[in-house]
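J.:
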Amino acid sequence: MKQKGLFITLEGPDGGGKTTQAQQLARWFRLYGRETVITREPGGTATAESIRELVLDPALDLSPETETLLQLAARADHVDQVIRPALEAGKVVICDRFTDSTMVYQGILRDMDLDQLRKLNDFATRGLRPDVTLLLDGDPRGTGEAPGKPGNRG
0 MKQKGLFITL EGPDGGGKTT QAQQLARWFR LYGRETVITR EPGGTATAES
50 IRELVLDPAL DLSPETETLL QLAARADHVD QVIRPALEAG KVVICDRFTD
100 STMVYQGILR DMDLDQLRKL NDFATRGLRP DVTLLLDGDP RGTGEAPGKP
150 GNRG
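According to numbering that gives the first Met the number 0, the stretch in the sequence shown is residues 0 to 153, in order.
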């Protein structure tokens, strides 16, 4: 009997330990014989990585709407090409950021309508939601990272 896929997302500030925890979770699941996929947003596919570069380019001054639609295009490709196929194959998918980041970075920090963002996220993911989301509440101070535009993530 094929195992059911499991979709876990990690959310939290830059430098908060999401990558480290994703690797630890994957190791744990592998100890118990589960195949795992670690991925990230924005990114995870060649198309989504190209979009990520565009969104993170400091030379571009993207409007909140443009940034949001680019993020969601990257997410749609990521879900279709990586996440959904892995889940259908019974794998554990561990994703660094997902829809909650969009709600924070584009919704709250870029002042986009949250109800509209929920609908757009549902459209981009075709209703896919994580089985569990882990919020890592790390202290972003002292990470050595320069602050960027507030809408860069998500």
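C-beta atoms are modelled at their ideal positions from N, C-alpha and C, and glycine is treated no differently. Owing to the predicted nature of the structure, the values given are computational and were not obtained by experimental measurement.
Would you call the segment 24 to 37 and the segment 120 to 128 in contact, with 3 or more CB pairs under 8 Å?
T.: Taking a cut-off of 8 Å on C-beta distances, the segment 24 to 37 does not touch the segment 120 to 128, as fewer than three cross pairs fall below it.
J.: Taking the alpha carbon of D110 as the reference point, which residue from W27, G42, G4, S62 has its own alpha carbon closest?
T.: On the sequence shown, residue 110 is found 111 positions in, with the first residue counted as 1. The shortest Cα separation from D110 among W27, G42, G4, S62 belongs to S62.
J.: Between which residues of its own chain and G147 is the CB-CB distance below 8 Å, once the five residues before and five after are set aside?
T.: As a first step, residue 147 must be located in the sequence shown, where it is residue number 148. Only weak support exists for where G147 lies, its pLDDT of 43 falling under 50; the value from the coordinates is given anyway. Only L55, P57 meet the Cβ criterion.
J.: Whole angstroms is fine: what's the gap from R117's alpha carbon to R96's?
T.: The residue labelled residue 117 in the question sits at position 118 within the sequence shown. The residue labelled residue 96 in the question sits at position 97 within the sequence shown. In a straight line, the C-alpha of R117 is about 15 Å away from that of R96.
J.: So that I know if they touch, is there some Cβ in chain C lying closer than 9 Å to that of A45?
T.: No chain C is part of this structure, which consists of one protein chain only.
J.: Does DSSP put E10 in a helix, in a strand, or in coil?
T.: Stepping through the sequence shown from its first residue, residue 10 is reached at position 11. Note: E10 maps to strand in three-state DSSP.
J.: In whole angstroms, give me the CA-to-CA distance for A72 and Q115.
T.: The residue labelled residue 72 in the question sits at position 73 within the sequence shown. The residue labelled residue 115 in the question sits at position 116 within the sequence shown. The alpha-carbon separation between A72 and Q115 amounts to approximately 15 Å.
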